[in-house]
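Accompanying notes for the structure given below.
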DNA sequence: CCTGCGATATTCT
DNA sequence: GAATATCGCAGGC
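Residue numbers (my numbering): 2 to 200.
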């Protein structure tokens, strides 16, 4: 297993978002290792994307989003949760990929402890952007850190998914720029419900 | 299974 | 004062 190389992140956020599916997000926080397979991502661009935090330029909260590709952008949302993003592209661009869902691999007991319970399925520990940061111990201390060399957090090569294993949909929880299908999810993670079409 | 709502910091109007 | 890249709980079916 090997950490994703620096160049991986120096691309358009939409490319990186698809390529991150199947990879492994790993943290070692307070001496506890936790990891999960990335199964859901969303791309947010810079000034051309009205739904992006970067659309209105630099603020106190979003400054890490303007670092160069490969840094972590962690923001506080709804006064309660943290969301983890991977910055992509060149410094100053303001593009990032929001990690929205994982399939737990290592440290499941640690995740249960941090999340305060044992759900019926392990995937419920990490099946939302605010939930997976709690489960993996990702907090504001990691905002702006470099995923290429920080010992506390990195992304392993894992096994990228093929195009036929990936579904694209509109992004979740936004009210602007909804016409763009910039959410990607592993087909294997779709519940047998009234889901997205498999086109 | 589903829908509605409250919590609450940062940013914008 | 309103909106927001969310979540868990209460209640209805």
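In this text, a Cβ means the ideal position worked out from N, Cα and C, and glycines have one as well. The model shown is predicted, which means the values in this text are computed figures rather than measured ones.
Open item on the list: Among 112, 92 and 141, whose alpha-carbon lies nearest the alpha-carbon of residue 83?
Closed with: 141
- [ ] Using beta-carbon positions only, say whether residue 145 and residue 54 come within less than 9 angstroms of one another.
- [x] It is not a contact, given that the beta carbons lie outside the stated cut-off.
Task: residue 31 CB to nearest heavy atom of the ligand GTP below 8 angstroms - done: This structure simply doesn't include the ligand GTP, nor any ligand for that matter.
TODO: Just confirm the distance between the C-beta atoms of residue 100 and residue 11, as a whole number of angstroms; I'd bet it's less than 8 angstroms.
DONE: Actually they do not touch by this definition, with Cβ atoms about 18 angstroms apart.
Task: Assigned exposure category for residue 195 - 16 Cβ within 10 Å defines buried - done: Annotation note: pLDDT 43 at residue 195 (below 50); position unreliable, coordinate value reported separately. So residue 195 counts as exposed.
Open item on the list: Which runs of the beta strand (DSSP E) at least 3 residues long sit entirely within the region 67-104? Give them in chain order.
Closed with: 73-78 and 82-89
Open item on the list: DSSP three-state label for residue 4, please.
Closed with: strand
- [ ] Just tell me which of 28, 3 and 42 has its CA closest to the CA of residue 18.
- [x] Nearest of 28, 3 and 42 to residue 18, Cα basis: 42.
TODO: Taking residue 57 as part of the beta strand (DSSP E), name the residues at either end of that continuous run.
DONE: Run containing residue 57: none; DSSP gives neither H nor E here.
TODO: For residue 3, count neighbouring C-beta atoms within 10 Å of its own C-beta (all shown protein chains included) and say buried if the count is 16 or more, exposed if not.
DONE: Burial call: exposed.
TODO: Identify whether residue 138 lies in helix, strand or coil by the three-state DSSP scheme.
DONE: coil
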